[in-house]
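Numbering (this note's numbering), first residue to last: 16 to 138. Think of the CB as a built atom: it goes at the ideal place given N, C-alpha and C, for glycine as much as any other residue. Everything below concerns the one structure shown next.
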Amino acid sequence: MFAATPGPPYTAVIFTSQRSPSDEAEYGRAAERMEQLAGRQPGYLGIESARDPRSRFGVTVSYWETEAAARSWKQVAEHLEVQRLGAATWYERYQVRIATVGRAYGPENAGRRLGASRPDAER
């Protein structure tokens, strides 16, 4: 499902990972819990996630009003514990990237100029 984000700018936290073949049920419960918990944090905008079941490679992008809001989420105690478990058990490898979204577009918002906050923004 696509996250319903406002017009830019906003922050994207991009989490790419290679899952280990460990406990799927426990991982699923933790992922669901983190999504619920993140949704209650100030500045949370939404999440998009996909994983290939064969290769176990996945990408999750969470969207935040500001980088400070994303940074605060990283420090939530329950999230810290799940991060520790992930590094120790669920992921063979992972990478986190933080980006500022400056422009967003797609067919569902045709006619709207998301991110056109500058006079020289692309049309």
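Quick one: what's got a C-beta closer than 6 Å to residue i's C-beta in the same chain, skipping five residues either side?
| i | result |
| --- | --- |
| A114 | A27 |
| E82 | T26 |
| S32 | G73, Y106, Y109 |
| T75 | F30, S64 |
With DSSP as the reference, please indicate the residues paired to residue i in a beta bridge.
| i | result |
| --- | --- |
| Y78 | A27, G61 |
| Y106 | R34 |
| G43 | Looking at the DSSP assignment, G43 forms no beta bridge with any residue, so it has no partner. |
| V111 | F30 |
Can you find the residues in the same chain that come closer than 7 Å, C-beta to C-beta, to residue i, ignoring five residues on each side of it along the sequence?
| i | result |
| --- | --- |
| A85 | T26, V28, W79, I113 |
| M49 | H94, V97 |
| P122 | none |
| G58 | W79, E80, T81, A84 |
| G61 | A18, A19, T20, Y78 |
List the whole-angstrom C-beta distance separating residue i from residue j, where the pair is believed to meet the contact cut-off of C-beta under 8 Å.
| i | j | result |
| --- | --- | --- |
| S77 | A45 | That belief does not hold up - the Cβ atoms of S77 and A45 are roughly 15 Å apart, past 8 Å. |
Give me the Cα-Cα distance between residue i and residue j, rounded to the nearest whole angstrom.
| i | j | result |
| --- | --- | --- |
| L100 | Y42 | 9 Å |
| F17 | S64 | 9 Å |
| Q51 | V111 | 20 Å |
| R66 | E47 | 14 Å |
Which same chain residues, not among the five before or five after residue i, have their C-beta less than 8 Å away from its C-beta?
| i | result |
| --- | --- |
| Q56 | A84, S87, W88, V91 |
Review point. Given 8 Å as the limit, is there contact between the segment 101 to 109 and the segment 26 to 44, that is, 3 or more CB pairs closer than that?
Key: yes
Exercise for review: Decide yes or no for the touch test of the segment 57 to 72 against the segment 89 to 97: beta carbon pairs closer than 8 Å, at least 3 of them.
Suggested key: no
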